[in-house]
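With my numbering, you'll find the sequence shown wraps up at 413, consecutive numbering, no jumps.
Heads up, the beta-carbon is just placed ideally off N, CA and C, and yes, glycines get one too.
A short worksheet on the structure shown next.
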Amino acid sequence: MSAPRVAIVTGSSSGIGEGIARALAADGFTVVVNSATSVDAGERLAAELPGASYVQADIADPADAVRLVETAVERHGQLDLLVNNAGVSRPVPHADLDAITADDWHRILGVNVVGTWQVSVAAVKVMEPGGQIINITSVGGSRPLGSSIPYSVSKAAQDHLTRLLAKAVGPDVRVNAIAPGPIETRLTSDSLAARAARTAAMTPLGRLGQPSDVAAMVLALIKAPFVTGEVIHVDGGINLVTHLDAPRNDDA
Numbered sequence: 162m163s164a165p166r167v168a169i170v171t172g173s174s175s176g177i178g179e180g181i182a183r184a185l186a187a188d189g190f191t192v193v194v195n196s197a198t199s200v201d202a203g204e205r206l207a208a209e210l211p212g213a214s215y216v217q218a219d220i221a222d223p224a225d226a227v228r229l230v231e232t233a234v235e236r237h238g239q240l241d242l243l244v245n246n247a248g249v250s251r252p253v254p255h256a257d258l259d260a261i262t263a264d265d266w267h268r269i270l271g272v273n274v275v276g277t278w279q280v281s282v283a284a285v286k287v288m289e290p291g292g293q294i295i296n297i298t299s300v301g302g303s304r305p306l307g308s309s310i311p312y313s314v315s316k317a318a319q320d321h322l323t324r325l326l327a328k329a330v331g332p333d334v335r336v337n338a339i340a341p342g343p344i345e346t347r348l349t350s351d352s353l354a355a356r357a358a359r360t361a362a363m364t365p366l367g368r369l370g371q372p373s374d375v376a377a378m379v380l381a382l383i384k385a386p387f388v389t390g391e392v393i394h395v396d397g398g399i400n401l402v403t404h405l406d407a408p409r410n411d412d413a
């Protein structure tokens, strides 16, 4: 019998990342759960998933990013899939320019872009041919949406990083991205949920997405060997809404 496939899912102690980790485990992967904080939640999730383990690491820290990958390989012998889900934001209305600080830019880009880059480079070095990287970005990377301007800019950067990495590391490793629209999680605040629900009501499918919707696309990309460098929207059709129809700010 072949060894189980091994996946790291960053930022997987809750929300979309947790949903992806659970789906991968159900599909036979050994999952490495990760978070920068929320250690108790991460350890609980790892304890629930067959063969899983937990690694606390802040991917914005270069040493932590490398340690995450090295620990996964030390514990489980290989790495077949990296899902870059970890991300941060600080909700600020787009029109409130003075409320956005330099620290916001440094922290958001540091985790969402630099962190994604650092873990990806470490992962590519240990992956065998056939390895995969899937970046979880946002519809805010291609539309004037998102919880803040720095967040949306970071997601646009992740989208393009996906394309550049796919070209750089092919044919041995495939790199794709999934750009979710408004997703409902246990941690979604009432105010953000209400705004996201208004946006969702304008889309063809007329509902908020669930973490399972994103996880389903992760599983689909794993099984699509001729796809690389793509950004797949999982957004209920929000990209069909015109800029004039779309709200000025949104939790996508």
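- Beta-bridge pairing by DSSP links Thr-191 to Val-167.
- Gln-279 sits away from Leu-242, with the two beta carbons spaced by 8 Å or more.
- Boundaries around Ile-295 are those of the beta strand (DSSP E), 292-297, since no alpha helix (DSSP H) includes it.
- The beta carbon of Ile-310 sits closer than 7 Å to the beta carbons of His-255 and Ile-261 from its chain, once the five residues preceding and following it are set aside; these are given in chain order.
- Taking the CA atoms as reference points, Leu-240 sits about 14 Å from Ala-226.
- Closest option to Thr-364, judged by alpha-carbon separation, among Gly-180, Gly-397 and Ala-381: Gly-397.
- Arg-268: member of the alpha helix (DSSP H) spanning 263-270, first to last residue.
- Short of 7 Å from the beta carbon of Leu-369, and not among the five residues preceding or following it, lie these beta carbons of its own chain, in chain order: Pro-343, Ile-344, Glu-345, Ala-357, Ala-358 and Ala-361.
- Taking a cut-off of 8 Å on C-beta distances, the region 371-378 does not touch the region 322-330, as fewer than three cross pairs fall below it.
- Burial check for Arg-205: the Cβ neighbour count within 10 Å stays below 16, so the residue is exposed.
- When the five nearest sequence neighbours on each side are left out, the beta carbons in the same chain lying within less than 6 Å of the beta carbon of Gly-212 are those of Thr-191, in order along the chain.
- Here the region 286-301 makes contact with the region 244-252; the two share three or more CB pairs at distances below 8 Å.
- Excluding its 5 nearest sequence neighbours in each direction, Gly-271 has C-beta neighbours in its own chain below 6 Å: Ala-221, listed in chain order.
- Here Leu-366 is exposed: its Cβ has fewer than 16 other Cβ atoms, across all protein chains shown, within 10 Å.
- No residue range can be given for Val-388, since it is assigned to no alpha helix (DSSP H) and is classified by DSSP as neither H nor E.
- Annotated as distal: Tyr-215 and Ala-224, with beta-carbon spacing of 8 Å or more.
- By the CB criterion at 8 Å, Ile-169 and Val-249 fall outside the cutoff.
- With a beta-carbon spacing of about 5 Å, Ile-339 and Met-378 fall inside the 8 Å limit used to define contacts.
- Leu-258 counts as exposed, since fewer than 16 other beta carbons sit within 10 angstroms of its beta carbon.
- DSSP places Ala-247 in the coil class of the three-state scheme, outside both helix and strand.
- With fewer than 16 other Cβ atoms inside 10 Å of its own Cβ, Val-200 counts as exposed.
- Secondary structure of Arg-368 (DSSP, three-state): coil.
- Between the beta-carbon of Ser-315 and that of Ile-269 there is about 5 Å, and that keeps the pair under the 8 Å contact cut.
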